[in-house]
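All residue numbers for the sequence shown refer to the working numbering, where the first residue is 248 and numbers rise by one.
Glycine included, every Cβ here is placed at the ideal spot set by N, Cα and C.
It should be emphasised that the depicted structure is a prediction, and the values quoted were computed from it without experimental measurement.
Heads up: the structure comes next, in structure tokens.
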Amino acid sequence: MSLNILAVDDSRTMRDMIRLALEPAGFTVTTADDGVHGVEVLSGIAPDAIITDINMPRMDGFGFIDAVRGQHKHRATPILVLTTEAAPELKARARSAGATGWIVKPFDPAKLIKALQMVAG
């Protein structure tokens, strides 16, 4: 199953790690370096799922999730939050904004693949 994934993270290393984890498993990965860039990239693609960080410049993950959910065509696109944050109140805030799931960094590539297949398969 080939899924198209949009990965939004201000860390080039993290974007590379996501790409290295997913592409060998048959995923197509498009990246953006913050929420503002993510919204711009999203206008030209139709991802099966989105991965976003929370702490980013210009527009954080919460703002990005709000922006994605505000677009009719992406209202149901699964969004996984991939972050170093683990606080329950942040998870609750992400869920209420429209996030589908939450994965704490550093991530296990096999678990990330499984999570994406579950939410987007």
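Opening and closing residue of the alpha helix (DSSP H) in which G285 lies | Element bounds for G285: 282-289.
In terms of residues, what are the limits of the alpha helix (DSSP H) holding G308?
-> From DSSP, the alpha helix (DSSP H) with G308 extends over 308-316.
Leaving out the 5 sequence neighbours to the left and right, which residues in its chain are closer than 6 angstroms to R305 when beta-carbon positions are compared?
-> Excluding positions up to five away in sequence, the list reads D281, V283.
Proximity below 9 angstroms, CB of F274 to CB of I297 | No, the Cβ-Cβ distance between F274 and I297 is not below 9 angstroms.
Whether V288 touches A314 by CB criterion (9 angstroms) | Against a cut-off of 9 angstroms, the Cβ pair of A314 and V288 comes out as no contact.
CA-CA distance, D355 and G317?
-> A straight line joining the alpha-carbon of D355 with that of G317 spans about 30 angstroms.
Take F309 as the anchor and find which of T324, A293, R259, L337 has the nearest alpha-carbon.
-> The alpha carbon of F309 has as its nearest neighbour, out of T324, A293, R259, L337, the alpha carbon of L337.
Which same chain residues, not among the five before or five after D295, have their C-beta less than 6 angstroms away from its C-beta?
-> Excluding residues up to 5 positions away in sequence, L250, N251, A367 lie with their Cβ nearer than 6 angstroms to the Cβ of D295 in the same chain.
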